[in-house]
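Trainee: Sequence positions in the sequence shown follow the numbering used here and run 1 to 62. For glycine and all other residues, C-beta sits at the position ideal for the given N, C-alpha and C. Below you'll find the structure I mean.
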Amino acid sequence: MTTAEKIRAMEDIWDDLCRHAAEIPSPSWHRDALSQREESVSKGAETFTDWEIAKKKIREKL
Numbered sequence: 001m002t003t004a005e006k007i008r009a010m011e012d013i014w015d016d017l018c019r020h021a022a023e024i025p026s027p028s029w030h031r032d033a034l035s036q037r038e039e040s041v042s043k044g045a046e047t048f049t050d051w052e053i054a055k056k057k058i059r060e061k062l
């Protein structure tokens, strides 16, 4: 497979996964991580950052 063919195959797979996202269960570790994050936020130890602001900060670091 050429590089272009590999990229196209990955795009096709990703598109299919996105169309069927509800069928993909989250792993248990993800639920645990979200619970820990929620607890930290409720205690004031962590805060949320708006996604657009977070993306901007990431881009500025690159």
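Would the beta-carbon of V41 fall within 8 angstroms of that of T49?
Mentor: In the sequence shown, residue 41 corresponds to position 41, counting from 1. In the sequence shown, residue 49 corresponds to position 49, counting from 1. Going by C-beta atoms, V41 is not nearer than 8 angstroms to T49.
Trainee: Quick one: Cα of W51 to Cα of I58, how far?
Mentor: Locating residue 51 in the sequence shown gives position 51, counting from the first residue. Locating residue 58 in the sequence shown gives position 58, counting from the first residue. Near 10 angstroms, if we compare the C-alpha coordinates of I58 and W51.
Trainee: Closest to I24 by C-alpha separation, out of A33, G44, W14, would be which residue?
Mentor: In the sequence shown, counting from the first residue as 1, residue 24 sits at position 24. Among A33, G44, W14, the Cα nearest to that of I24 is on W14.
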